[in-house]
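Undergrad: Just dropping this structure here.
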Amino acid sequence: MHSRRSTRNWKLETLINLVFLATCTTTEMRPTPFTKTKLAIGVPCLRPQLNACHRVWAWRPAPLGRYAPGSIRPASSIQSGHIQVGKDEGILYVNNIFPHRLQWLLRGSLSHIQPLEGVLKRVNNPNIAASDPSHIAKRVIPPNLGLEIKEIVPRYKEGGAFIKYARKPDISDEDVRFAAKEYLSKQPIKPWFNPFQTADVDLVRGVPWIEDLYRIPSQTLKVEFLSSSPETAAAELTQEAMYTLFRSFGKLLDIQQQPSDSKIEPRYAILRFDRPRFSVMARNCMHGYTASEKDGGGKSGTRFKINYERKIRLSMIKDWVFNHPRIVIPAIAALVAAITVIVFDPIRTFFIKVKIKSTLHTENSILHWIRAQVSKANMIYFGQRRADPRGLTAIWEDRQKDISQIQAWLTETAETFIVIHGPRGSGKRELVMDQALESRKYKVVIDCKQIQDARGDTAKISRAAAQVGYRPIFSWMNSISSFIDLAAQGMIGTKAGFSETLDAQLSKIWQSTAVAMKQVALEGRRKDDKDASLTDDEFLEAHPERRPVVVIDNYLYDAEDTVVLDKLTEWAASLTTANIAHVVFLTTDSSFAKPLSKALPNQVFRTIGLGDCSLDVGRRFVLNHLESEAADGGDSPSQKSENRLHGLDECIQVLGGRVTDLEFMAHRIEAGETPQAAVNRIIELSASEILKIFILGSDSVTPQWSREQAWHIIKSLAHSKDGTLLYNKVLLSDLFKDNGEATLRALEQAELISVGSVKGFPQWIKPGKPVYKAAFQQLVENKTLEGRLDLMILGQLISNENAGISKYEQELQILGSLPKQPWELAPRIEWLLRKVNSSQSKIMKYENESASLQRMLQSEQ
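Heads up: the sequence shown runs through residues -29 to -1, 1 to 832, numbered per mature numbering (1 follows the signal peptide of the UniProt record, and there is no 0).
Below, the structure is given as structure tokens:
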């Protein structure tokens, strides 16, 4: 019982000593009374040991000269860096008596802590393992040699200790080395931290460097060759010579000499041992050793400087990175791309699916029930609420055939586009989203106008991502990546690929959207379905009703932005051909077939053209607004008919069937205006809009038409009886001789005019909106404006004719400079003369008209 208690106390005492070693930072620190009391209360049997521990930690090195004769004084070599060796003295190094790499515990003020020796003395147990350096030194030195131990220098970070001894004159250092190694082989010393290993000893041949720098021992050594005298150069030892000198310390794995073309001085060699303890022994025994000529060190000798070499140094990595940018920078770019695909793509796909299914906007069942009950209460106590706040029921009843046609197309498997085209304000988006797709569960809307109106690639990427729910999106990183690519291009000559173009970013966004839509379409599949054996593509082809619907609004809004349009069209084609989704285009441009045919060249598009509604439908649309106002507590419908609806039919005829204009007039009537006043207001606003956009223009925007061309069409349509012009007749006008068709397309895109076609060929020109005819007439009635613009037209025509005459005169001058006039040139000369005469006649006519216009403008008050 007593022996067990002693063993337990010894283990606890050892643990306490190690705890004090790890927590105290200087030799002045010692356990406080509070600490001793607290530990003694927890472990009553250790009060004597705590007192003894306190005595150990209170030990301080005595000043020099105060040691008893024959005692081992503490090491002072850490200050000088070397161990002074006198005559008949030598040094042995004992290895593997402390844990390797103990320096992490002994950093800073603990790096040369001396009370550790006292703790090791208490841990030391000769029957189990050895730990006390003084005890180990006595066990290393054979007693029959009569050596005197002069000094012991522990090397805690390297796991060993230097033993300085004094020998008799008749004994050599090699005899001491041989006797010590043989003595240890017969009576091995087991270290306290690993009783399964044994200590080793060897003779220190060089001048060891005693340092407390933070250098972790490793199994690789760097041996530098230094000259033993300033007058001579150091010799570089061969691999054979290095092997002979260092093999005795342990197994060598490799010896690498410095490359012959290297300019680094001094010359060096790299030695890699099998175990770190072998390299520790070699470094401490051979540092400062001078190799003689016999050893291969040259006539004057070569001195060794040995340091530990890490396997991978940060400086090596840094040098390699800066020296190989052509490899490193593209590799980092590829790594960043791989991390993005692995980490962020699944997250982005999830958010796109949430956007498609509108998961975050669904209401829970309780809230849905409460809303339903409140709606019923409103119906009971306050009357039936309006289900159609805009009064579009009459419009949808008139277009029920188009709605049914779109719904039928969405249930078919044809791999083609659905195109809904019509002028702005014709209700294309409402027709598709609110009527045709009302019962569709999954749909995505992409508005080209919002994307193309954004300034800069970063803003366009952000808006495109927001429309499909693609996040997280690091659009701001594109600018930073562009700077990195610019720097990389200056370093390696090519871009590294960090930044991505708008084309690539849009491709990633819409490709992720396609993946998410396919997953959504396949979510309802089960293993027990009758078509479970079908592949995913076959299932989507067989079930077109399961596919989501992609609505691309304002297509061809900005035809010059080809990047967005091309990528969007290609993506839509891939969705259609892969049976992932149905694609519906909404556009005001009648030339949609050309860009769409590039994506699907062998398909016939399913198109629906929306025009203005009929006058009867327009009347019912306006009356719906007025009836809803009466239902909300206003005047009765009869009173409205008497007070406000006088001349409604004539006003609707002026506005035509454009839904936006009819809705604006209905709101003005609800505000208290008469139909005629509301129409006059709409006409004035339209005239001001035309004047600002097409006549006055803007300095910052250069239109594709001239104000003279726009005014010519406005005046011609205003004077036309049926409100139309023949397409070819406009092209034959003198103002449209150059790029006439391009000008008309630009005016159609700007919605000043609309071009009607017969069998695909443009036939006639009408105002862009029905109300524009009245606006044109109002502009023409302004005689001052008409006179100024007509005068500008005449000036443009005169300038054109003068330019033509200049070309004819130049050719006549060339023909007249010939030495002879062949008879074959007579028809050409006659034709040129007729052209000059005709142009001159026109100029005279234009000048007369211009003079009369000028007199008229001058006579106005």
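For each residue, glycine too, the CB sits at the ideal point set by N, CA and C.
#1: My output table needs one value for ILE666: the three-state DSSP class, helix, strand or coil.
#2: My output table needs one value for residue 891: the three-state DSSP class, helix, strand or coil.
#3: Checking 8 Å against the spacing of the C-beta atoms, do ILE327 and TYR441 come in under that value?
#4: Give me whichever residues DSSP pairs with ALA204 in a beta bridge.
#5: Alpha carbons only, please: which of ARG370, LYS498, VAL307 is nearest the one belonging to GLY589?
#6: Restricting to Cα atoms, I'd like to know which of LYS270, ALA425, THR547 is closest to GLU512.
#7: Output the boundary residues of the beta strand (DSSP E) element that contains GLY725.
#8: Check whether the Cβ atoms of ALA530 and VAL593 lie closer than 8 Å to each other.
#9: Which of the three DSSP states, helix, strand or coil, is assigned to SER198?
#10: Pull up the DSSP beta-bridge partners for GLY580, would you.
#11: What span of residues does the beta strand (DSSP E) with LYS135 cover, start to end?
#12: Just confirm the distance between the C-beta atoms of ILE323 and VAL439, as a whole number of angstroms; I'd bet it's less than 8 Å.
#13: For ARG243 and GLU211, what's the separation of their Cα atoms in angstroms?
#14: Excluding the five sequence neighbours on either side, which residues of its own chain have a C-beta within less than 6 Å of the C-beta of ILE776, listed in chain order?
#15: To the nearest angstrom, report how far apart GLY268 and GLU207 are at their CA atoms.
#16: Please report the straight-line C-alpha distance between ARG31 and PRO162, rounded to a whole angstrom.
#17: What are the start and end residues of the alpha helix (DSSP H) that includes ASN255?
#18: If I follow the unbroken beta strand (DSSP E) through ILE226, where does it start and stop?
#19: So does the stretch 388 to 404 actually touch the stretch 622 to 630, counting three or more Cβ pairs closer than 8 Å?
#20: Quick check: the Cα distance between SER728 and GLU712, rounded to an integer number of angstroms?
#21: Measuring CA to CA, which of PHE321, ILE391, ASP245, SER198 is closest to SER263?
#22: To which residues of the same chain is TYR817 closer than 7 Å at the C-beta, ignoring the five residues directly before and after it?
#23: Unbroken alpha helix (DSSP H) runs of length 4 or more, entirely within the stretch 730 to 786: which are they?
#24: Based on Cα-Cα distance, which residue from ALA204, GLY177, SER568, ARG138 lies nearest to MET252?
#25: Counting only the same chain and skipping the five closest in sequence on each side, list residues whose C-beta sits under 6 Å from that of SER725.
#26: Is the beta carbon of PRO113 sitting closer than 8 Å to the one on ALA137?
#27: Using only CA atoms, which one of PRO247, ASN525, ASN773, LYS663 lies nearest to LEU756?
#28: Taking 8 Å as the threshold, find out whether the stretch 267 to 281 comes into contact with the stretch 187 to 203 through three or more Cβ pairs.
#29: Can you tell me which of VAL111, SER483, ASN819 puts its alpha carbon nearest to the alpha carbon of ASP173?
#30: Let me make sure I understand the geometry here. Which of MET213, LEU63, LYS58 has the alpha-carbon closest to that of ASP141?
#31: Under three-state DSSP, which class holds GLY618?
#32: Below 8 Å on the Cβ atoms is my contact criterion, and I expect GLN476 with ILE523 to pass it. Report the Cβ-Cβ distance as a whole number of Å.
#33: Report the partner residues of residue 833 according to the DSSP bridge assignment.
#34: What do you get for SER830, buried or exposed, if any count of 16 or more other CB atoms within 10 angstroms of its CB means buried?
#35: Rounded to the nearest angstrom, what separates LEU803 and ILE814 at their Cα positions?
#36: Pull up the distance between the alpha-carbon of HIS690 and that of ARG759, whole angstroms please.
TA: Taking the structure as given:
#1: Here the question's residue 666 lines up with position 695 in the sequence shown. In the structure shown, ILE666 sits in a helix (DSSP, three-state: H, G or I).
#2: Only positions -29 to 832 of the chain appear in this structure, which leaves residue 891 out of reach.
#3: Numbered from its first residue, the sequence shown carries residue 327 at position 356. Numbered from its first residue, the sequence shown carries residue 441 at position 470. No, Cβ-Cβ distance for ILE327 and TYR441 is not below 8 Å.
#4: Position 233 of the sequence shown holds residue 204. Partner(s): none; ALA204 has no beta bridge.
#5: Here residue 589 is taken as the residue at index 618 of the sequence shown, counted from 1. It is ARG370.
#6: By 1-based counting over the sequence shown, the position of residue 512 is 541. It is THR547.
#7: Residue numbering aside, residue 725 sits at position 754 when the sequence shown is read from its first letter. A quick correction: the sequence has Ser, not Gly, at residue 725. Where SER725 is concerned, the enclosing beta strand (DSSP E) stretches over 724 to 729.
#8: If you number the sequence shown from 1, residue 530 lands on position 559. If you number the sequence shown from 1, residue 593 lands on position 622. Not closer than 8 Å, so no.
#9: Locating residue 198 in the sequence shown gives position 227, where the first residue counts as 1. In this structure, SER198 counts as strand in the three-state DSSP scheme.
#10: Within the sequence shown, numbered from 1, the residue matching residue 580 stands at position 609. Answer is HIS392.
#11: Position 164 of the sequence shown, counting from 1, holds the residue named residue 135. Following the DSSP letters along the chain, one finds LYS135 inside the beta strand (DSSP E) bounded by residues 131 to 137.
#12: Taking the first residue of the sequence shown as 1, we reach residue 323 at position 352. Taking the first residue of the sequence shown as 1, we reach residue 439 at position 468. Rounded, the Cβ-Cβ distance is 6 Å, consistent with contact.
#13: Here the question's residue 243 lines up with position 272 in the sequence shown. Here the question's residue 211 lines up with position 240 in the sequence shown. ARG243 and GLU211: Cα-Cα distance of roughly 15 Å.
#14: The residue you call residue 776 lines up with position 805 of the sequence shown. These residues qualify, in order along the chain: VAL807, SER810.
#15: On the sequence shown, position 297 is the one that residue 268 refers to. On the sequence shown, position 236 is the one that residue 207 refers to. Whole-angstrom Cα-Cα distance: 7 Å.
#16: By one-based count along the sequence shown, residue 31 stands at place 60. By one-based count along the sequence shown, residue 162 stands at place 191. Only weak support is given to the placement of ARG31: the predicted model assigns it a pLDDT of 34, under 50, and the question is left unresolved by the model.
#17: As a working mapping, residue 255 is identified with position 284 in the sequence shown. Residues 247 to 257.
#18: Indexing the sequence shown from 1 puts residue 226 at position 255. First-last of the beta strand (DSSP E) with ILE226: 223 to 228.
#19: Counting Cβ pairs under 8 Å, three or more are found: they touch.
#20: Mapped onto the sequence shown, residue 728 falls at position 757. Mapped onto the sequence shown, residue 712 falls at position 741. So the two alpha carbons sit approximately 14 Å from each other.
#21: As a first step, residue 263 must be located in the sequence shown, where it is residue number 292. Sorting PHE321, ILE391, ASP245, SER198 by C-alpha distance to the C-alpha of SER263 places SER198 at the top.
#22: In the sequence shown, residue 817 corresponds to position 846, counting from 1. Cβ within range, chain order: LEU765, LEU768, ILE769.
#23: Within the stretch 730 to 786, the complete alpha helix (DSSP H) segments of 4 residues or longer fall at 741 to 752, listed in chain order.
#24: For the purposes of this step, residue 252 is taken as residue 281 along the sequence shown, with counting starting at 1. If we check each option's Cα against that of MET252, GLY177 comes out closest.
#25: By one-based count along the sequence shown, residue 725 stands at place 754. Counting only Cβ-Cβ distances below 6 Å, and skipping sequence neighbours, we find LYS737, GLY739.
#26: Walking along the sequence shown from the start, residue 113 turns up at place 142. Walking along the sequence shown from the start, residue 137 turns up at place 166. The Cβ-Cβ distance between PRO113 and ALA137 does not fall below 8 Å.
#27: Within the sequence shown, numbered from 1, the residue matching residue 756 stands at position 785. Checked all of PRO247, ASN525, ASN773, LYS663; the closest Cα to LEU756 is LYS663.
#28: Yes, they touch.
#29: Taking the sequence shown and counting its residues from 1, the one referred to as residue 173 is at position 202. Looking at the Cα atoms, VAL111 is the closest of the given residues.
#30: Along the sequence shown, one-based indexing puts residue 141 at 170. The shortest Cα separation from ASP141 among MET213, LEU63, LYS58 belongs to LYS58.
#31: The residue you call residue 618 lines up with position 647 of the sequence shown. In this structure, GLY618 counts as coil in the three-state DSSP scheme.
#32: Residue mapping note: residue 476 aligns to position 505 of the sequence shown, counting from 1. Residue mapping note: residue 523 aligns to position 552 of the sequence shown, counting from 1. About 18 Å separates the beta carbons of GLN476 and ILE523, which is beyond the 8 Å limit, so they are not a contact pair.
#33: In this structure the chain extends from -29 to 832, so residue 833 is not present and cannot be described.
#34: Counting from one through the sequence shown, the residue named residue 830 turns up at place 859. Exposure of SER830 is indicated by the presence of fewer than 16 other C-beta atoms within 10 angstroms of its C-beta.
#35: Residue mapping note: residue 803 aligns to position 832 of the sequence shown, counting from 1. Residue mapping note: residue 814 aligns to position 843 of the sequence shown, counting from 1. Those two C-alpha atoms are separated by around 16 Å.
#36: Within the sequence shown, residue 690 is the residue found at index 719, counting from 1. Within the sequence shown, residue 759 is the residue found at index 788, counting from 1. Approximately 18 Å, taken between the alpha carbons.
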